Each structure stands twice: as C-alpha cells, then as structure tokens.
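Peer 1: Residue numbers (the UniProt record's numbering), protein chains in the order written: chain A, 1 to 451; chain B, 1 to 451.
Every residue gets a Cβ at the ideal spot worked out from N, C-alpha and C, and that includes glycine.
Here the structure is a predicted model, which is why all the values come from computation and not from measurement.
Number of protein chains: 2
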Amino acid sequence: MKVCKFGGTSLASAEQVKKVFDIVTSDPERRVVVVSAPGKENDADTKVTDMLIKMAEKYINTGNCEEELRAVVNRFAKIAEGLNLGVEIIKDIENNLRTRISLGYDSKEKFIDRIKAAGEDNCARLVAKYFNSRGVYAQYINPKDAGLYLSDEYGNARVLPQSYKNLAKLKDMEGILIFPGFFGYSLSGEVVTFPRGGSDITGAILAVAVEADVYENFTDVDSVFAANPKIVENPKPIPILTYREMRELSYAGFSVLHEETLAPLVKKGIPVNIRNTNKPEAPGTMIVTTREVKDYPVVGIAGAGGFVTINIHKYMMNREIGFGRKVMWILEEEAVPFEHIPSGIDDISIIIKKQYLDEDKKSRIMERIAHDLAVDSVSIGYNLALVMIVGEGMLRRVGVASRATTALAKSGINIQMINQGSSEVSIMFGIEEKDLDKAIIALYNEFFEKD
Amino acid sequence: MKVCKFGGTSLASAEQVKKVFDIVTSDPERRVVVVSAPGKENDADTKVTDMLIKMAEKYINTGNCEEELRAVVNRFAKIAEGLNLGVEIIKDIENNLRTRISLGYDSKEKFIDRIKAAGEDNCARLVAKYFNSRGVYAQYINPKDAGLYLSDEYGNARVLPQSYKNLAKLKDMEGILIFPGFFGYSLSGEVVTFPRGGSDITGAILAVAVEADVYENFTDVDSVFAANPKIVENPKPIPILTYREMRELSYAGFSVLHEETLAPLVKKGIPVNIRNTNKPEAPGTMIVTTREVKDYPVVGIAGAGGFVTINIHKYMMNREIGFGRKVMWILEEEAVPFEHIPSGIDDISIIIKKQYLDEDKKSRIMERIAHDLAVDSVSIGYNLALVMIVGEGMLRRVGVASRATTALAKSGINIQMINQGSSEVSIMFGIEEKDLDKAIIALYNEFFEKD
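(1) If you measure beta-carbon to beta-carbon, which residues of the stretch 416 to 433 of chain B are closer than 8 Å to chain A?
(2) Identify whether residue 442 of chain B lies in helix, strand or coil by the three-state DSSP scheme.
(3) On the DSSP letters alone, give me the boundaries of the alpha helix (DSSP H) that residue 187 of chain A sits inside.
(4) Determine the closest residue to residue 272 of chain A out of A:153, A:326 and A:217, with distance taken between C-alpha atoms.
(5) Can you tell me whether residue 340 of chain B is buried or exposed? The criterion is at least 16 other CB atoms within 10 Å of its CB, across all chains shown.
(6) What three-state label does DSSP hand residue 384 of chain A in the structure shown?
(7) Give the straight-line distance between the Cα atoms of residue 129 of chain B and residue 281 of chain B, rounded to the nearest whole angstrom.
(8) State yes or no: is the beta carbon of residue 263 of chain B nearer than 8 Å to at least one beta carbon in chain A?
(9) Is residue 279 of chain B helix, strand or coil when you go by DSSP?
(10) With respect to the beta strand (DSSP E) encompassing residue 426 of chain A, which residues constitute its N-terminal and C-terminal limits?
(11) What would DSSP say about residue 30 of chain A, mapped onto helix, strand or coil?
(12) Count the CB pairs spanning the stretch 238 to 249 of chain A and the stretch 295 to 309 of chain A that are closer than 8 Å, and state whether there are at least three.
(13) Tell me whether the stretch 176 to 193 of chain B and the stretch 149 to 168 of chain B touch, counting them as touching only if at least three CB pairs, one residue from each stretch, are closer than 8 Å.
(14) With DSSP as the reference, please indicate the residues paired to residue 338 of chain A in a beta bridge.
(15) Thinking just about the alpha-carbon of each residue, which of B:336, B:376, B:367 and B:345 is nearest to the one in residue 358 of chain B?
(16) With a Cβ-Cβ cutoff of 8 Å, do residue 426 of chain A and residue 409 of chain B count as a contact?
(17) Give the secondary structure of residue 99 of chain B by DSSP, where H, G and I count as helix, E and B as strand, and everything else as coil.
(18) Residues in the stretch 303 to 326 of chain B with C-beta within 7 Å of chain A's C-beta atoms, listed in sequence order?
(19) Span of the alpha helix (DSSP H) holding residue 271 of chain B?
(20) According to the Cβ coordinates, are residue 32 of chain A and residue 126 of chain A closer than 8 Å?
(21) Between which two residues does the alpha helix (DSSP H) holding residue 2 of chain B run?
(22) Output the boundary residues of the beta strand (DSSP E) element that contains residue 135 of chain A.
(23) Would you call the CB atoms of residue 75 of chain B and residue 51 of chain B closer than 8 Å?
(24) If you scan the stretch 70 to 124 of chain A from start to end, which runs of the alpha helix (DSSP H) of 4 or more residues do you find wholly inside it?
(25) Interface residues of chain A around residue 328 of chain B at Cβ under 8 Å?
(26) Counting only Cβ pairs nearer than 7 Å, list the residues of chain B close to residue 409 of chain A.
(27) Let me check understanding here. Comparing Cα to Cα, which of A:179, A:20, A:424 and A:65 lies closest to residue 245 of chain A?
(28) With a threshold of 8 Å between beta-carbons, can residue 344 of chain B be considered close to chain A, or not?
(29) Note down, in chain order, every chain A residue with its Cβ under 9 Å from the Cβ of residue 36 of chain B.
(30) Residue range of the beta strand (DSSP E) that residue 419 of chain A falls in?
(31) Under the rule that 16 or more other beta-carbon atoms within 10 Å means buried, what is residue 295 of chain B, buried or exposed?
(32) Using a threshold of 8 Å, state whether the C-beta atoms of residue 345 of chain A and residue 247 of chain B are closer than that.
(33) Quick check on residue 103 of chain A: buried or exposed, where buried means 16 or more other Cβ atoms within 10 Å of its Cβ?
(34) Report all residues from its chain with a CB closer than 6 Å to the CB of residue 436 of chain A; omit the five preceding and five following residues, and keep chain order.
(35) Where does the unbroken beta strand (DSSP E) through residue 49 of chain B begin, and where does it stop?
(36) For residue 295 of chain A, verify whether its CB is less than 7 Å away from any heavy atom of the ligand SAH.
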C-alpha cells in the first residue's frame, strides 16, 4: 500500500489534476491520496491558500469579503470546468466557504485556520469527484470522520497520538481515499492547521497510520539535488539518501520536505519517495533508513545564512564546573533556542538563529552573561552562514575535511568555524554570509565535479 | 624588580646552586628568588620530594623512618659540602626534619604535606646560607612570616586573597629574599602544599604581590619549543608567545608551566620568561599579554590522549529547548567535568577526561541520558586524543585549517572531530590515540618545516 501526497503545483489546473489521476490509477497500491490546495499555475498566479488568508483578513477587518470569496470560487471553478465536473461542485465549494465564514469567530487565529483549511478540503472533494467522473471508485475523507486529532495550537498544531489508531482504519476502506492535507481537528472540534507546508505532514502521518510500504511525495522537481539549483548550475540528482542525511541537508536550507514531516516516518522506517508529477516516469529520490555507502563520500551540500554568535571568553573556563550549563540556562530563561555551542578551553560560542534574538533579549542576555558569569569578555558576531557537507559514513574516510577546507581556501573563503564529529554524517562550516553561494559552489565542484 | 624561580634540576647539586648564585647576582633586579626542592642530578637519582613522600609513608606505616631520613639529610649534606657550608646547616636540616615528624598527625594528608614541604623549605635555608657565605646579603623567608595563606586543601591548596597584600611587603625588605616554593600555611597554621609542581605557583603569586616587571622561571630547557622534543626531533624554540597561546598549548600536553601558574599573572599582565639555568645567556621564551603577529600563523603544536566521548543522538534534538542543559546537569550531578560539547543538529557529543569517568559513574550517566532524556541512542567512544595547533590571530587567515587537515590526511590520519572557531587562537582535532605522535609530527612538518 502506498500513500501519495500531491503538492500545490500538482493541483494548480485541470491538466495537473488529470496527471494526478493518471499517476494514482497507474498503480493499484496507490490507495491513499493526500492533496494540497491548488498552487500557482504560473508565476503571476496566487496560491489558493494565500487567497484564503487574504479573504479571512478582509472579513476580519471589514466584515465583508465577497470579492475575495468570488476569486477563490472562480479559481476552483476554472479547474472544475477543465475537468468537465459540472456546476454542482462549484456550488458546493461556494457553500462550503460561506458556511466557514458564517460560523464567525471567538478568536482571529481560530477563524483564519478554519478558512485556510478550505483550500485542501475543497480540493480533496473536487479530486474525488473527478476520479468518480472517470469511473474510478474514490471517496473524499473528512479528517474529523477519520479521527485526525491535533493539538489546539492554531497554525502550528501537532498530531495527537490517538490519531494513529483512528487513521489505521483507513486501511480497510474501499476504493481510493482522497484526504485533504494541512489540517485536522482539535478535541473540541475546531479546525486546526499544521505549519505552512503541512500537507507533507498529513501524508507522513497517514503513511505511518496505515503502515504504508512507501510514502510518495509528488512535487514539481525530478528529485532532490546535491545542491540548490538556484546556486549551482544543473546540480546532480540524489537517487537515494538516508533520513539523517535529509534532515541535516534540510536544516541548512534544503526545503524539499518540511522538517516535521520526516519525524513520524523515521520511527517506523517508512521510506519516502520524492517524485515529479510532471515526469512520473523518473524514479525520483528515495529517503530511507540506511543505504549502501558508495564511492562518493558526500551526498549533498546545503547552506543557510541568518545566524549570530555570542562569543564568551573566561580564563580557566574549562575548570569551572557548571559554566556551560549556566550559559544555557540564561538562554532558556529568555526562550532563545541555540543551534550549537562550540567550546574551547577558555572560550564558548553560542550560535543562534537571528530571528530568535531581538534587541531587548540580546542586551539582557549579554548583560547577564557579563554580570552573572563574571566572564573576561563577551561579544556578538553577525552575518554568520552555516554550510554543510552531508554524507553517510564520510567521517570514517580520511581526507574529506581536507578536501572541503582546501576547496574553501582556494576560493579565498575564511572559515570562522568548523564543526565536525558531533554528527556522523556532516561537517559544518561557519563562514560570512557574503561568501555563502561561493562556498556552496566551491564545495559542489570539489565533491561532485571532480569525483 | 624581578622574581626568579628555580626548578628542581637547578638545585640538584652544589654546582647547580652556584649557577643559581651567579644568575641571581648578575642582575640587581633579581630580588626575590623562589626555590624548588633539589631534583634529580642524573637519571638514577631521586627527587628530594619523592624521598620525603617515601619517608612520610614509611613513618605512617611503621612508626620509624630513620633510614629514609638519613637519605634525605645525606642528599642535602652532599650539596652543602660541595658549597663548603660546614656541618651546622646539616644539623639544622636534620633537626627540622625530626621536628616535622615529632609533631605527629591528626590526618595522613596533613602529615604528608608537612613532610613534603621540607624539601623546598630546607633548600631555601641552604641557598640563603650559601649566598651569605659568598658575602651577599640574602635571607631565607618563611612563608608563614611572609603571610602566604592557603586554603586547607592538603596537596591541592589555593592561595587566599589576603596573601597578596601581606606578600607585597617583601618589596621593602633588604637584600635578596630566598623563598621556598610549593607550600604555604592554612589560617589554622598548618603547612599546606600546592599541587605537584607548585613552586611555579608560589613564584607567580610573589611576582603579582611585588608587582614584578617580569617573572623569570628558570628550568632546564632553553625555551618553550614548538612541539614536544620527545616526539619531534629538534623542534624550533618559541621566542615569544601570549598567555592564551601558552594556556591552549599547556592544555593539550605542554607541561612547561603548571596550569594554575599563569592565572594570577594574566590579570596583572606580568610577563613570564622561561629560561635555562644551564644556559643563562639564552633569551628563553617570553610569555606576554599581546604580541605582534608575524608571518607564521602557528606558534606551537600540542596533543594529549586520555579522552572519551559520550555520543548522543536524538531526532529533532535541536528543536528541544533545554536539551543541552539537561545533559550538562546530569554530568554536574555526577561531578564529572566535561571538556567540550560539540553539537550537531540531532547529535551532541561530550568529551571528558578519562580519569573523571569511573565505571560506576559511566553506567549511571549513560542510563540517565538514555532514560531521562529519552534519546534515540547513546554510546561511548574511547581512546580519543586531542591535538591542537595554536597561534594568535591564525583564524583570520585563509587556509590554516586546509593545511592542517591536508597534512593529517596525507599521513593517513582519520579526523574524528574538528573544533575550530570557539577559540580564536587554536584549532583542535580529535583523533585516535594511536595516531597522536604521527599527527603532531605531520602538523609540525607542515607549519614549521615548510614555512
């Protein structure tokens, strides 16, 4: 049994929905289909989810959103017309939207979640209808009926454990199940959404619940690439990579799968197959628990800017039991998550994502470190980027660090930080943000063009 | 004003004491002289401090140590005879030893400290006597009279802050002051010693107290070398290095100065001059606050074995606020100091000196990490050595990491860990213990033979 998830671009037009139909019906194992809301058909287009957010906000601000509602209905209508589904489904979608609005709101976030979820929900209804129109037995599944319960954190929900048992029953249902992604229900019955991109999460949860053989994630790229195609020209596709490799790559800027998507799959060891709706014959990228380590040590290179470092120096720091813990405690009290804490003998650095550190927090943290910990010096460094080379088993190989540092040096890039050894599958370099693209290109050329 | 400290080999024989006399009297600024106990005259010899420990233990075990006492007295007698000091000083030393024994003990450690300190104490008396015999006004200074008060941690004492004010009065005393190293007195009047090698600490404290222009540390080597001469053949001498460089080097195995020695000097910025008693014309090595950074990026290479790592993996670790702190708290509760905590995205390693981790603590810590922190895996790695390349300002230079990692790779050494960026003056490599010497040689050749 396979769970397939289709992203927004795979549902952006009638033509795309037909591709979805062809893909799903070409393999009888494809029994559970998770759909996103229709995305952009072209660059000038607007995603349905964005249209819905605009509609919700307009209604909140003015009490009227007729124009925005019409735009959403028209968007669905265009797809439905292209699929020859008749007018009834359009009426249904319009009524669905009006009902969501008429339910009003105790809180803005609750209202917005209910409206936002309409994109996936109506898309699933439409897709099921289309499958039926083609003579295939398919049914729309409502997440509430199926028992997908989430925490009541609007816009940032997490799945509640009982959902898995509920959803396991989908296995025994007849036909193809069309399940809307992105949202579920709180125990009190309200619509709650995952973070943006959360249809991937829905798919992963279903794959785990029905114990799928594979979770097929259909998107608009042929595969995961060894580096960002916006930075490196024609990067090589990655045929297979492990969860750990994927996770390390996605940390530093790879955005193929939402970070939380992999979590439930990892525990059950269910492989993920990233595939292209527009090129279904391509094998795509498999994400698995373990893989055979081939000749090439590095599987991918990723990087991201937006980090700051707090650098602390205190003579004989390493003799002071509890020093590191006290530093972390200060950060915790300010609710600032840190990424890494490389420490020397008399030095400790704390690497933080810039967005977590506003001016107020920054000055409080600096003052507390200086005062409470009686350090010799504390300073802050900006514009740090992290670049990672990732590959299963590469740290057992002599010379990987040497090749990477030499490639960076030859490109004139000053390495501010190296973090190797904490993870078995990656080496992380801290560099200046301005050097980020240059560094990714240099490392890509070293490990992919030479090998 | 200069404070000079002479180590054990500089006082091992009459001939050596004469050298001390010549050195001290050749410069009128050399006003405070700190002496160790006589060390080995040759390889077959025993250090006086070791003889005294043996004597104390014999007495504790049998109530008699006449033979051992005679050996100590004879050792001093040989030096005194070579200096033509007459028999009176020998009698004094014997009486001094007998008094120390006759005072008995409430505790073993208190007794051992009192006996151990006899080496330095009587050596200082003998040296003062010799200076006088050569017509130079010198006086033995008793640490109690001078007010050198220490915490009552026997064998591991720390200076109490009031000592500095007391010792400052030495500035105003006449003649050359011969001060025994290694020990002081508790507030209750008991002899307490520093850790082994503590005469360096006494010298540093005196240098700070009298605000010396320089602290001259006379030993039996011409200078600090860029690498351990036992590993690298004829390593280059280091003419000047900063406190930070010295501290990083001494952490990883350089044992020129005791770790705690530099601490008081750093605060006052008093330079240290490492010199050779046997070659007083050599300029030795200056240890200073700041130095001009020359062409060569690396000043020294050091390494030490005896580390273990605890490796923890938990999926989505970096999203869990407080995870690192909780790990540290477990270590703190077990009173295990950690050296470094390199962390990846889903991984954290803890590097610990092997001696702090007995089997009991190890299994408790492993169990608590596995259980309390619900990690995916926790494992322990043995036989880790740390190698450091140290040099002020080298991290602003492109290519240092590249040269180092390439040198290690060419020697076939697998780098398990790289720690760069936390300290501004060093890069640390974690390697297998068996590769330690090979790594030091490879790095030395890269940075000193090529440059």
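Peer 2: So, from the listed chains and residues:
(1) 416, 417, 418, 419, 420, 421, 422, 423, 424, 426, 427, 428 and 430
(2) helix
(3) Per DSSP, residue 187 of chain A belongs to no alpha helix (DSSP H) and is neither H nor E.
(4) A:217
(5) Counting Cβ neighbours within 10 Å, residue 340 of chain B comes out buried, since at least 16 surround it.
(6) strand
(7) So the alpha carbons of these two residues sit roughly 26 Å apart.
(8) yes
(9) coil
(10) Annotation: the continuous beta strand (DSSP E) that includes residue 426 of chain A extends over 426 to 432.
(11) strand
(12) Verdict: yes, contact present.
(13) yes
(14) A:352.
(15) B:336
(16) no
(17) helix
(18) Listed in sequence order: 315, 316, 318, 321, 322, 324 and 325.
(19) Element bounds for residue 271 of chain B: n/a, residue is neither H nor E.
(20) In terms of Cβ geometry, residue 32 of chain A and residue 126 of chain A do not form a close pair [threshold 8 Å].
(21) Not the alpha helix (DSSP H): residue 2 of chain B falls in the beta strand (DSSP E), residues 2 to 6.
(22) Here residue 135 of chain A belongs to no beta strand (DSSP E), and DSSP marks it neither H nor E.
(23) yes
(24) 88 to 102 and 108 to 116
(25) Within chain A, the residues near residue 328 of chain B are 322, 324, 325 and 328.
(26) Those are 398, 399 and 402, listed as they occur along chain B.
(27) A:424
(28) yes
(29) By Cβ distance, chain A contributes nothing, its closest Cβ being about 24 Å from residue 36 of chain B, past 9 Å.
(30) In the DSSP assignment, residue 419 of chain A falls within the unbroken beta strand (DSSP E) covering 417 to 420.
(31) exposed
(32) yes
(33) exposed
(34) Same-chain partners within the cutoff: 303, 305 and 385.
(35) For residue 49 of chain B, there is no enclosing beta strand (DSSP E); the residue is found in the alpha helix (DSSP H) stretching over 48 to 62.
(36) Questions concerning the ligand SAH fall outside what the structure shown contains, since it holds no ligand whatsoever.
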